[in-house]
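> Per the numbering used here, the very first residue in the sequence shown carries number 213; after that it's consecutive. If you scroll down you'll find the structure; I have some questions about it.
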Amino acid sequence: MSWTQREYTPPKSCNSNTMTVPGGSSRGDEGVVVDTPTNTFKEYLPSKTYGNTPITTVPTTTSVPFNTSSQWAPEGKSLAAHIASAMPTPPESPPPTHLATSTICDSHHHEALVDKTTRQLGLHNLLRVSTSNADRYWLTRRCCYVFHCLALRTKFNYANIPNKMILRDDRIVRAMEQVVAEELEEAGVEEQDDCRARMSLLAKHTARANKLLTDMKAAISSTLIRITGYVLFKVFSNLLMSVTVHGGQQEVIDRAAQRDTPVIFVPLHRSHVDYLFVTWVLFNRQIPAPIVAAGDNLRIPVFGWLLRGLGGFFIKRRLDNCKSRKDILYRSLLQTYVTHALQAGYNLEFFIEGGRTRTGKPCMPKGGLLSVIVDAYSNGTLDDALIVPIAINYDKILDGNFIREQMGQSKIPESFWGAVRAIMKVLSTNYGHARIDFGQPFSLREFVHNQKRASFSQLPLSSQSHNDVLPGCTPPLSPSPMIEMPVLSNGRNSEQLQSLPQPFPLSEQQKPETALFSPSPLVMGKSYHQRSLSTPAANGNLRLRRTTSNPSNALNTVTGTNSRLTGAPSSSSLFGTEVTDEYRSLVKSLAVHIVYDAERCQAVMATNAVAWLLSYVYREGVKLSTLVEAVDALRDSLKTRKRDTGFSGHSRDAVLHAVHMLGAGLVRLEQSTTQTSTTNDTEQDFFIRPVTLLPNIIELNYYASALAPLFAADAIIVTCLLSSIDCDLWSYKDCLPDCLVDREKLIQRGLRLAQLLQHEFLLVPACASLLTKLGQVVDNLIDMGLLQDAGKVDSRWSEDSDEDDISFSQQYKLAPTSSTLEVIGAWRNMLAPMLDTYYHAACCLTSLVGKQLPDKEYIQSIQTHVSSLLEKGTLRYGESICVDPIRNAVKLFESESIMECYNHNSIRLVYLTREYDAEDRLSPLISEIDSYRSCIS
Ligand SMILES: CCCCCCCCCCCCCCCC(=O)SCCNC(=O)CCNC(=O)[C@H](O)C(C)(C)COP(=O)(O)OP(=O)(O)OC[C@H]1O[C@@H](n2cnc3c(N)ncnc32)[C@H](O)[C@@H]1OP(=O)(O)O
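What follows is the structure, encoded as structure tokens:
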């Protein structure tokens, strides 16, 4: 089987800054055993019922007695021992094929951060620490973590941001006045008439603001970080075989952290361990801990206090309790706190997806916190920020599984005892390897510049006046009165600071434009506010100085609106109610860039590869030897696509390790004996079979889904191809079926399917063209030999063409072979369960004709419908029952204006729009989705 595919090369405007390090993860290298895992397979005990649907679970006994010796296992080892010793991903293995990736258009910042040294560094297992005397003395060997943690510098003076200072901020004062005025108006009291009512309302809201701030703010303690750092060494070394980071990436992060610019860490969220890892890596690199946005569901006894001391600041997961009424005061407090913290020198970390992925694929990003940063930049409060996408992946996630929620049951709220129970459970299990990948840091300023240039070049020449407000940006805040900025010092004196690399130089291409900016020494020198962590003594009273104008600020300068804007409040803020569409799309494209970049740098673990192959290629089971070959081929494909694997060494070890990690509940390992036809000898092999029953298959699918974004575009084109031909390719193995494929039509169909699946996959970043990407996927099918040139036809003869419009469309004939069929079959199977769900969700729209339903009830009715079809055996894939694709289908119906919603008494009610409020009007949509399913056998 050949999975090899040409890598998608972004268009010229979007340079891929993939860096290569010599070596590359290679197959066949000797693996170094890091640790010895427990030899027992963990028992998998899913609950027997989910909601009202009884679910059959597979027995948890394995088919292979792992404690017996086997002929197959070399040197008379027991099978269990053999499997236990088959562990890929030694940390000293060759480094990955790339350091980090970034898709940022025309980015130049990497030149300043990446050099020969960073490219040459290899992988590093964080659990292996070395103190200078580590090997010499018994005590330093025994207590290496203690010595290591003591040697690290953690004492940064994290600035205190007093409530008073935030409450005095203009934004809060305005918000408070607005809230009070609204309440007075609601109560029918004229503001001028009732001064006392106004004063008492002001006092009430000031007290509320004070309480909200106290509940929100982080209170980092250096000592707590040091102690936790040590505890995490002990805990991780018990739970995990390795925690690997690329040395070059660490070096780049060090350099980024030394710049006088806030660093914004944006990890994809898989597990509660993610935020522990990020701060822990920074602790190991002696970088100040960032403040981390934590959902206020985590503000539970003891743990809440602990998280706050480690950098957590608590935010509401939904800003407004009721969507129809914005909590202006809360929004302005959050925005002001984050802005002041960035000004005070804190680095920030937040999980842009707004929660852990339940499917294994990245979730669509949220724009709230990101808009705060963009707003701080646009109003001149921040000169720049370095954004670092991060991806963390695990052989096996420590937080259990998300089956309950995928089966439609509500999430169990976090509690003290729940957390204690979870920790106790986790402590007794082996979770294999974990891998942390830092993407290429990129400059917010550079991003905004590039976005602005892209939008600017799209404007007609006549409208390209420098006085025009920049497309994608709203006017910045007026300059605020000068307040003194706290000097944050992380131990560097001013000379050291001067010697550090300066903010990213603007590129040659940017120069003509930047010439429009008023030249200022502030940009080149260090006169703009200093960022460093201050000594409390020097900053007993923290005061902030905001730059009066920021000449390097792309938005100010390009809009040329500084003078006009004096006194104008920001309308682009979390607090502001009038967020323009252009500004929203700027923030959205930044958010998409971050998630796209983070996903691209995520390493594929052995469990992901095996789960993907078992879910979509060998659902009926496969011999170990065949699976090993398939993993080899998949690794080649990943390499071609510049994706790194979180394992190295022999693929057979990787497969056995993955089977062990996934456990008997998800994958069965059976011993099989085959007779060779030539020598009549018997050969021992294993037969590996995925457990395809519900709910186990949902968990297996979680691991498989890590590869879904990588193959999503291929899967879309293949699904369109297979559903548009009227023959079954599988019956034409190695011969030519008599059908032709039109390139243009295929790509157009692909574009439509991509639109239907817009809530499932981020196929391209904002700076790239989906059309180009789908074209490259078609080219790849040609390279694979599936499509063969059949000449061009005059497209005038096609149905919708114009008589005068002469254009030729490329035609292809199909040449399926067993290996290409295996590959495209896997891609097709990847989308099949999702398309089934979308189809049935569309069918259920008919139940909404002439009525409205609470959205939860509607989603539940779709799930009930799908599970009844599963019980009847009409549906092939158990995964179709998952609630996530159902929700995404509903979001699609909303974005296609088929359905609308409104809030009534905090309940979200959905109903069909007038154009679709009849069964016959829904039929075209249902048939359209069904047309893509016709390829599913
Ligand atoms: C040494 C070892 C140490 C160990 C050390 C451990 C460290 C220990 C730390 C603890 C750490 C715990 C970490 C837990 C991990 C989580 O708890 S993850 C969950 C919490 N975090 C997040 O959710 C962060 C990302 N989420 C967001 O940014 C969300 O937008 C918010 C802020 C939560 C709000 O969500 P929402 O209420 O659903 O609202 P959303 O639709 O996003 O929009 C809100 C507003 O944002 C603005 N906005 C949204 N999109 C846009 C846009 N595209 N453009 C412009 N404005 C926009 C608008 O103003 C919008 O309001 P409207 O005008 O639409 O009314």
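Even for Gly, the Cβ is constructed at its ideal location relative to N, Cα and C. Computed from a prediction, not measured in an experiment: that's the story for all the values here.
Indicate the three-state DSSP secondary structure (helix, strand or coil) for Thr857 in the structure shown.
It is a strand residue.
> What did DSSP end up calling Leu325 once you bin it into helix, strand or coil?
DSSP places Leu325 in helix when its eight states are reduced to three.
> Hey, which unbroken runs of the alpha helix (DSSP H) at 4 residues or more fall wholly within the segment 425-490?
Correct list: 434-451, 459-470.
> Answer with buried or exposed for Asp381, where buried requires no fewer than 16 other C-beta atoms within 10 angstroms of its C-beta.
So Asp381 ends up on the buried side.
> On the DSSP letters alone, give me the boundaries of the beta strand (DSSP E) that Ile604 sits inside.
Ile604 -> beta strand (DSSP E) spans 598-606.
> Would you call the segment 1020-1035 and the segment 1046-1059 touching, i.e. three or more CB-CB distances under 8 Å?
No: fewer than three Cβ pairs fall under 8 Å.
> Between the Cα of Ser583 and the Cα atoms of Val485, Leu786, Gly400, which residue gives the shortest distance?
Nearest C-alpha to Ser583: Leu786.
> Is the segment 1062-1082 touching the segment 1115-1125, taking contact as three or more C-beta pairs under 8 Å?
Taking 8 Å as the limit for Cβ pairs, the verdict is that the segment 1115-1125 does touch the segment 1062-1082.
> For the segment 899-908 against the segment 827-835, are there 3 or more C-beta pairs whose distance is under 8 Å?
Taking 8 Å as the limit for Cβ pairs, the verdict is that the segment 827-835 does touch the segment 899-908.
> Quick check: the segment 813-825 against the segment 855-875, are there 3 or more CB pairs under 8 Å?
Touching, per the Cβ criterion.
> Are the C-beta atoms of Leu839 and some chain E residue less than 8 Å apart?
Absent from the structure is chain E; it holds one protein chain and no more.
> Of the choices Asp406, Ile373, Arg408, Leu413, whose alpha-carbon is the least far from that of Gln390?
Considering only alpha carbons, the answer is Leu413.
> Can you tell me where the beta strand (DSSP E) holding Asp1064 begins and where it ends?
In the sequence as presented, Asp is not what sits at residue 1064; that position holds Gln. It spans 1064-1066 - the beta strand (DSSP E) in which Gln1064 sits, taken as one unbroken run.
> According to the Cβ coordinates, are Cys951 and Ile937 closer than 8 Å?
Taking 8 Å as the Cβ cut-off, Cys951 and Ile937 qualify as a contacting pair.
> On the DSSP letters alone, give me the boundaries of the alpha helix (DSSP H) that Tyr1024 sits inside.
Unbroken run through Tyr1024 is the beta strand (DSSP E), 1020-1026; no alpha helix (DSSP H).
> Mind checking whether the beta-carbon of Phe492 lies closer than 7 Å to any heavy atom of ligand 1?
Inspection of the sequence shows that residue 492 is occupied by Trp rather than by Phe. Yes.
> State the CB to CB distance for the pair Leu560 and Trp492, rounded to an integer number of angstroms; the pair is presumed to be in contact (CB under 8 Å).
Actually they do not touch by this definition, with Cβ atoms about 17 Å apart.
> How about Lys578 and Ile599: do their beta carbons lie closer than 8 Å?
In this structure, Ile599 does not lie closer than 8 Å to Lys578 by Cβ.
> Under a three-way DSSP split, which group does Ile624 fall into?
It is coil, neither helix nor strand.
> Could you tell me whether any non-hydrogen atom of ligand 1 is closer than 7 Å to the CB of Val341?
Incorrect: Val341 has no Cβ contact closer than 7 Å to ligand 1.
> Might you give, ordered along the chain, the residues of its own chain that have their beta carbon closer than 6 Å to the beta carbon of Thr330, omitting 5 neighbours on each side?
For Thr330, where only same-chain residues beyond five positions count, the Cβ hits under 6 Å are Gly460, Glu463, Val464.
> Within 10 angstroms of its Cβ, does Ser764 collect 16 or more other Cβ (buried), or is it exposed?
Bear in mind that the predicted position of Ser764 carries a pLDDT of just 38, short of 50, making it unreliable; the figure below should be weighed with that in mind. Ser764 is buried by the Cβ-count criterion.
> Determine whether the beta carbon atoms of Ile602 and Ile648 lie at a separation below 8 Å.
Against a cut-off of 8 Å, the Cβ pair of Ile648 and Ile602 comes out as a contact.
> Using beta-carbon positions only, say whether Leu452 and Tyr643 come within less than 8 Å of one another.
Yes, these two residues count as a Cβ contact at 8 Å.
> Could you spell out where the beta strand (DSSP E) holding Asp1001 opens and where it closes?
Counting along the chain, the beta strand (DSSP E) containing Asp1001 begins and ends at 999-1006.
> Return the Cβ separation of Arg482 and Tyr606 in integer angstroms, given the expectation that the two are a contact with Cβ distance under 8 Å.
Right, their Cβ atoms sit about 7 Å apart.
> Please state if the CB of Gly962 and the CB of Glu998 are separated by a distance shorter than 8 Å.
Here residue 998 is Leu; the residue named in the question, Glu, does not match the sequence. For Leu998 and Gly962, no; Cβs fall outside 8 Å.
> Do you know offhand how far Pro1136's Cα is from Tyr549's?
Taking the straight line joining both Cα atoms gives about 50 Å.
> Restricting to Cα atoms, I'd like to know which of Ser884, Leu874, Cys947 is closest to Tyr914.
Of the listed residues, the one whose Cα sits closest to Tyr914 is Leu874.
> Where does Cys407 land, buried or exposed, given buried means 16+ other C-beta within 10 angstroms?
Label assigned to Cys407: exposed.
> Quick one: Cα of Cys361 to Cα of Ala588, how far?
Cα-Cα distance, rounded: 36 Å.
> Indicate whether the contact test is met: 3 or more Cβ pairs, each with one atom in the segment 617-636 and one in the segment 1079-1098, closer than 8 Å.
As far as the Cβ criterion goes, the segment 617-636 touches the segment 1079-1098, which means the pair count is three or higher.
> Bridge partners for Asn337 per DSSP, in chain order?
Per DSSP, Thr456.
> When you compare the segment 413-422 with the segment 565-576, are there three or more beta-carbon pairs, one atom per stretch, that lie closer than 8 Å?
At 8 Å Cβ cutoff, the stretches do not touch.
> Taking only the alpha-carbon atoms, compute the straight-line gap between His336 and Asn908 and give it to the nearest angstrom.
Cα to Cα, the separation comes out at about 34 Å.
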